[in-house]
Amino acid sequence: MQRPPAEVLYAEELAKLKKRDRDATPPGWQLSMKAVLQFVVGGDGIDPKIVCAPSLIERALVTLASNRALLLVGEPGTAKSLLSELLAAAISGTSTLTIQGSAATTEDQIKYGWNYALLLNEGPSPRALVASPLYRGMQDGRIVRFEEITRCPPEVQDGLLSILSERLLMVPELPDSNAVFAAPGFNLIATANTRDRGVNEMSAALKRRFSFETVFPIAEYDRELALVQSEVARMLAQDGIKARPSSDVLEVLVTTFRELRQGVDKEGGASEKLSTVVSTAEAVSVAYAVTLRGHYLRGDAGRPADIVEALAGAAAKDNSDDLKKIRRYIEHRAGKRKGDHWRDFHAARHLLPQ
Ligand SMILES: Nc1ncnc2c1ncn2[C@@H]1O[C@H](COP(=O)(O)OP(=O)(O)OP(=O)(O)O)[C@@H](O)[C@H]1O
Ligand SMILES: [Mg+2]
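Everything in the sequence shown is counted per the UniProt record's numbering, starting at 1 for the first residue and increasing by one.
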């Protein structure tokens, strides 16, 4: 598997938590609330998986145990999807009951569809019904994930209203058993990206059925650096590559990303903010790309100069203004910093596309 789901990747940890779990468990959950919290934030022999305030996870867990659904909002690349995957894996043992929201999402994908061959042959029957992830989650009492909910058309979003308030999904076509009642343990975690069509366009009725939690980028330099380092190490290990990015590369990369994101440099001076999002997720993929480049093309572990080109592709996208800002940043900020690694980075500025 190129990317195993959380419940497979962390199967051992989940089994360990289950074995020693003695705390109160909400109805339908596989683990106690405390154990789920520990699974996400780490401690007591469990690896931390998300860098954030534990209180955010606590509030999210309380919401999921209540009769409201959870909506994680924030900038792209702040680990909203990862958090929803981890929560679903720990609470329900599966994170794959997922609906991917898009402009083309239909009501069938949210509720149920039909196998048309069977439908024509034997009429509407439970056998001919094709259950959506939401349908199955309600039936089995599991957490369902709804990615990028605000990208769905509003009429499709509103299909969730009765499901979330009455916890009931009607199937009017079926003669008997025409309603699915949600089993204990069912709830919904939706994610929404503040850069796409905003949450403002959700109907007030639907908003009311969600508790909102905002996920912010990682505040501290050290924690972001440590996260990039460990994520890249994990990805490289999966590829069977022994090389790891040097501390020089990581320092230049994380500093640059943070300064371009926040518009403040570490000396306290103002620098320019990019309009494209330069998230931790992007920093991880640039660090990974830089190491792959060094490993496969030169036999080293990547150099600060490699960051320049990767930065253009990851951060500037098609925005020529951002490209100019990156150029000025390297020219004026990076150029003044001490050390061979900053010099190497600065010297590669001509590699930025014109
Ligand atoms: N606070 C954080 N803790 C742990 N990992 C993080 C954090 N912030 C970013 N990441 C990294 O970002 C990667 C994934 O981001 P994810 O896809 O979950 O973001 P997202 O918020 O869902 O973005 P989008 O809005 O674009 O869907 C993670 O795999 C992890 O490497
Ligand atoms: Mg996401």
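All residues carry an ideal CB built from backbone N, CA and C; glycine is no exception.
#1: Looking at the unbroken beta strand (DSSP E) that takes in residue 224, where does it start and where does it end?
#2: I want to know whether the stretch 266-286 touches the stretch 210-227 - three or more CB-CB distances under 8 Å.
#3: How about the stretch 95-102 and the stretch 116-125: do they share at least three Cβ pairs that are nearer than 8 Å?
#4: Given that a residue counts as buried once 16 or more other Cβ atoms are within 10 Å of its Cβ, and exposed if not, what is residue 216?
#5: Count the CB pairs spanning the stretch 309-329 and the stretch 264-273 that are closer than 8 Å, and state whether there are at least three.
#6: Select from 162, 36, 95 the residue whose C-alpha is nearest the C-alpha of residue 54.
#7: Can you check which of these residues, 289, 337, 105, is closest to residue 132 by C-alpha distance?
#8: Following a CB-centred definition, is residue 95 positioned closer than 7 Å to any heavy atom of ligand 1?
#9: If you draw a straight line from the alpha carbon of residue 157 to that of residue 245, how long is it in whole angstroms?
#10: Hey, how far is the Cα of residue 78 from the Cα of residue 89?
#11: Touch check for the stretch 139-149 and the stretch 185-195: three-plus C-beta pairs under 8 Å?
#12: Give me the Cα-Cα distance between residue 30 and residue 347, rounded to the nearest whole angstrom.
#13: Check whether the Cβ atoms of residue 352 and residue 308 lie closer than 8 Å to each other.
#14: I need the straight-line Cα distance from residue 415 to residue 44, nearest angstrom please.
#15: Determine the burial state of residue 259: buried for a count of at least 16 other Cβ atoms within 10 Å of its Cβ, exposed for fewer.
#16: Could you give the first and the last residue of the continuous alpha helix (DSSP H) run that contains residue 63?
Per the coordinate set shown:
#1: Careful: residue 224 lies outside any beta strand (DSSP E), inside the alpha helix (DSSP H) at 221-238.
#2: Contact between the stretch 266-286 and the stretch 210-227 is present, because at least three Cβ pairs lie under 8 Å.
#3: No, they do not touch.
#4: Under the 10 Å beta carbon count, residue 216 is surrounded by fewer than 16 other beta carbons and is classified as exposed.
#5: At 8 Å Cβ cutoff, the stretches touch.
#6: If we check each option's Cα against that of residue 54, 36 comes out closest.
#7: That would be 105, whose Cα lies nearest to the Cα of residue 132.
#8: Checking every heavy atom of ligand 1 against the Cβ of residue 95, none is found closer than 7 Å.
#9: Cα to Cα, residue 157 sits roughly 43 Å from residue 245.
#10: Roughly 19 Å between the two C-alpha positions.
#11: Yes: the two stretches touch, three or more of their Cβ pairs being nearer than 8 Å.
#12: The straight-line gap from Cα to Cα measures roughly 54 Å.
#13: Less than 8 Å separates the beta-carbon of residue 352 from that of residue 308.
#14: Residue 415 lies beyond the stretch modelled for the chain, which goes from 1 to 354, so this question has no answer here.
#15: Buried, by the Cβ-count rule.
#16: Where residue 63 is concerned, the enclosing alpha helix (DSSP H) stretches over 54-65.
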